[in-house]
């Protein structure tokens with residue numbers, strides 16, 4: 022597998038570092054004959070000014086900066102051909118090379134992918150132009166999409182090589198980030214090119230005003246989005262610290278289960294990731310693990326901290342923590358998505374669990390996941406009346422309970438997770454005590 026990955030990186034390196042560079046040189050050389058200033062000095066000067074303007078007037082999006090120069094290049098291809106696009110690309114490359122720290126490999130790859138995009142779009146423009154059935158509007162829209170797709174694909178290839186990422190994933194992330202804005206710029210560039218073609222260069226004035234307006238609007242919009250995102254992240258960070266402290270407070274009532282909620286949350290998150298749940302659901306599982314024992318707040322200390330085995334009556338009282346926790350969260354009106362985790366994490370597949378005696382698929386997935394996490398941590402943790410089980414024995418208990426106490430598929434996934442962990446990392450997780458728990462214990466003692 023590793024050898025295959027190395028081969029793919031090598032192939033990408035050949036394409037990006039040599040293929041892109043050679044293509045740039047060939048396309049540049051083929052355009053030299055069209056750059057005769059005596060014939061085209063007006064066009065070259067105009068596109069030089071447009072390129073300088075577009076380079077210094079980028080559109081700032083939420084996760085990237087999009088220059089207007091692709092729109093300038095696209096309009097040049099539509100009006101005059103690839104040689105204007107190449108000229109504009111060269112001017113942009115020179116400006117960027119002087120303004121930022123120059124990296125020859127990345128610079129060549131960047132200019133190469135841009136030159137190849139220009140060449141492909143120009144070739145397709147000439148080919149589509151041979152069909153009289155296609156209207157200029159259809160042709161321009163098609164070329165705008167082609168420009169976006171080719172540029173995105175080649176850019177993604179270069180970025181995936183230099184930053185050692187997956188090519189397809191890189192393209193998807195880029196497309197998700199600025200596709201609509203990119204295509205809007207290309208369409209406006211096509212409209213602007215046709216207006217110039219029909220009514221002369223003066224139409225550039227309202228078009229540039231439109232581009233400036235778009236740049237300002239997007240800048241303010243994404244600046245607001247960024248500030249909102251920052252506030253959301255701050256709220257998430259506060260919630261995480263609050264929940265962690267709450268879990269530590271719950272565990273602190275029973276000195277023999279220090280860090281239990283945090284470990285249950287950890288294993289629950291690992292199972293959720295293993296079965297391919299979304300990042301949002303994985304986070305819900307984690308928070309559910311932290312709060313799954315919140316109902317122990319309502320259980321008497323003499324029961325929670327009893328050194329010997331519990332009587333049947335005391336055990337029945339302990340079992341009430343699932344219902345108590347459920348009522349606490351329900352009354353609070355927060356984290357309602359976690360109610361199944363809190364109420365049902367002691368249910369069993371065979372219906373012999375509590376508090377509701379749910380069977381099989383009646384048990385919510387979140388509760389099934391945390392049931393395994395909770396049981397495993399309870400088995401490997403030390404108790405006042407017994408030593409914690411060895412990991413191998415605890416996993417055998419999970420196997421024996423598969424299909425009766427635990428969901429069979431989830432049990433298999435959990436066992437794989439634990440068995441694949443290095444021994445030192447596993448022991449560190451089992452014995453870990455959260456920082457909040459330590460601080461709370463210090464405050465108590």
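Residue numbers (our numbering): 22 to 466. No residue lacks a Cβ here, since even glycine has one placed at the ideal position from N, Cα and C. In this text the structure is predicted, and so the values were computed from the model without any measurement.
Rounded straight-line distance, which links the Cα of residue j to that of residue i
i, j, result
"residue 49", "residue 230", "31 Å"
"residue 298", "residue 200", "26 Å"
"residue 356", "residue 452", "28 Å"
"residue 33", "residue 178", "7 Å"
"residue 282", "residue 423", "23 Å"
"residue 64", "residue 105", "8 Å"
"residue 319", "residue 365", "17 Å"
"residue 361", "residue 385", "6 Å"
"residue 421", "residue 373", "15 Å"
"residue 211", "residue 262", "52 Å"
"residue 349", "residue 317", "11 Å"
"residue 233", "residue 75", "9 Å"
"residue 193", "residue 186", "12 Å"
"residue 340", "residue 314", "11 Å"
"residue 449", "residue 291", "15 Å"
"residue 118", "residue 125", "9 Å"
"residue 382", "residue 430", "12 Å"
"residue 344", "residue 89", "60 Å"
"residue 215", "residue 225", "11 Å"
"residue 157", "residue 100", "12 Å"
"residue 250", "residue 258", "12 Å"
"residue 324", "residue 445", "34 Å"
"residue 245", "residue 358", "29 Å"
"residue 54", "residue 71", "22 Å"
"residue 56", "residue 145", "22 Å"
"residue 102", "residue 387", "59 Å"
"residue 113", "residue 166", "22 Å"
Close beta carbons around residue i, own chain, < 7 Å, minus the five adjacent residues each side
i, result
"residue 138", "168, 171, 172 and 175"
"residue 295", "434 and 438"
"residue 418", "400"
"residue 127", "183"
"residue 38", "126 and 130"
"residue 97", "68, 105, 106 and 109"
Residue i in three-state terms, based on DSSP
i, result
"residue 427", "strand"
"residue 124", "coil"
"residue 314", "coil"
"residue 330", "coil"
"residue 200", "helix"
"residue 373", "coil"
"residue 368", "coil"
"residue 449", "helix"
"residue 382", "helix"
"residue 56", "coil"
"residue 227", "helix"
"residue 296", "coil"
"residue 165", "helix"
"residue 321", "coil"
"residue 136", "helix"
"residue 413", "helix"
"residue 147", "helix"
"residue 408", "coil"
"residue 174", "helix"
Close beta carbons around residue i, own chain, < 8 Å, minus the five adjacent residues each side
i, result
"residue 149", "155, 160, 163 and 164"
"residue 440", "416"
"residue 222", "67"
6 Å Cβ shell around residue i - same chain, five flanking residues per side excluded
i, result
"residue 379", "368"
"residue 181", "188 and 191"
"residue 377", "none"
"residue 206", "92"
"residue 228", "213"
"residue 31", "none"
"residue 289", "306, 310, 390, 391 and 394"
"residue 466", "Confidence at residue 466 is low in this model, with a pLDDT of 42, below 50, so its placement is unreliable and the value that follows should be read with caution. Taken in chain order, the list of residues that qualify is empty."
"residue 116", "76"
"residue 35", "none"
8 Å Cβ cutoff, residue i in contact with chain D
i, result
"residue 249", "Protein chains in the displayed structure number just one, and chain D is not present."
Practice prompt. Tell me, please, whether the region 127 to 134 touches the region 37 to 55 by the rule of three or more beta-carbon pairs shorter than 8 Å.
Written response: Result yes; three or more Cβ-Cβ pairs closer than 8 Å.
Worksheet item: Using 8 Å as the threshold, is the region 401 to 421 in touch with the region 290 to 309, meaning 3 or more CB pairs across them?
Response: Inter-segment contact for the region 401 to 421 and the region 290 to 309 is absent: fewer than three beta-carbon pairs are separated by less than 8 Å.
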